[in-house]
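Undergrad: The opening residue of the sequence shown carries number -8 in our numbering; numbering runs sequentially from there. The beta carbon of each residue, even a glycine, is placed where N, CA and C say it ideally should be. Handing you this structure, nothing more for now.
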Amino acid sequence: MTNQEWMELLGWGKEELDDLRFVGYSYLKQGQYDIAIAFFEALVILAPQNAYDLQTLGALYLQKGNNLAALNFIERALKVDPTHISTLLNRAKALFSLGYRRQALMQAQELAKHADVRVASQASALILAYSGSAA
């Protein structure tokens, strides 16, 4: 079944998806990651091109240590929104965690040059944490 067929079958529209997203995010904020994952997995089926849902699901899987699933959803999110900084940082972290050091280092070094000091410092911290060298 396609996402549109599911939406029609459920009789849902944007408002219901927003409600589902709100509940999933509420569980995320409470640290109930497994429950939040279930909500965001449903959302990426129903709205597969929603960058926020893909980014959030990737971040949840990263939080749970499922780095391969995290990278999958992060890559999908970046196809929709290739400039989302938090997702790019999470991509670097997932790559480091999976042992793809060269790719991760390239990503993190690029982010370490970012104009936003918070982004740059987080990227530099990733570099230090995973490779032991400064940006």
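Could you tell me the boundaries of the alpha helix (DSSP H) in which Lys55 lies?
TA: Here residue 55 is taken as the residue at index 64 of the sequence shown, counted from 1. Unbroken run through Lys55: none, as it is neither H nor E.
Undergrad: If you follow the alpha helix (DSSP H) that Asn81 is part of, which residue opens it and which one closes it?
TA: One-based indexing of the sequence shown puts residue 81 at position 90. From DSSP, the alpha helix (DSSP H) with Asn81 extends over Ile76 to Leu89.
Undergrad: With three or more beta-carbon pairs closer than 8 Å as the criterion, would you say the region 24 to 31 touches the region -6 to 8?
TA: No, they do not touch.
Undergrad: Applying the 10 Å Cβ sphere with the 16-neighbour rule, what's the burial state of Phe13?
TA: The residue you call residue 13 lines up with position 22 of the sequence shown. Answer is exposed; the Cβ neighbour count stays below 16.
Undergrad: Apart from the five residues on each side of it in sequence, which residues of its chain come closer than 7 Å, Cβ to Cβ, to Lys84?
TA: Taking the first residue of the sequence shown as position 1, residue 84 is located at position 93. Closer than 7 Å at the Cβ level, and outside the excluded window around Lys84, lie Leu53 and Leu117.
Undergrad: When DSSP labels each residue in this structure, what does Gly2 get in the three-state scheme?
TA: Residue mapping note: residue 2 aligns to position 11 of the sequence shown, counting from 1. Three-state DSSP puts Gly2 in coil, outside helix and strand.
Undergrad: Hey, quick one: how far does the alpha helix (DSSP H) through Gln94 stretch, first residue to last?
TA: For the purposes of this step, residue 94 is taken as the residue at position 103 of the sequence shown. Segment Arg92 to Leu102, the alpha helix (DSSP H) holding Gln94.
Undergrad: Using CA atoms only, rank isn't needed, just tell me which of Leu37, Glu32, Leu62 and Asn57 is closest to Lys5.
TA: For the purposes of this step, residue 5 is taken as residue 14 along the sequence shown, with counting starting at 1. Ranking the options by Cα distance to Lys5, first place goes to Leu37.
Undergrad: What three-state label does DSSP hand Asn63 in the structure shown?
TA: One-based indexing of the sequence shown puts residue 63 at position 72. Correct three-state label for Asn63: helix.
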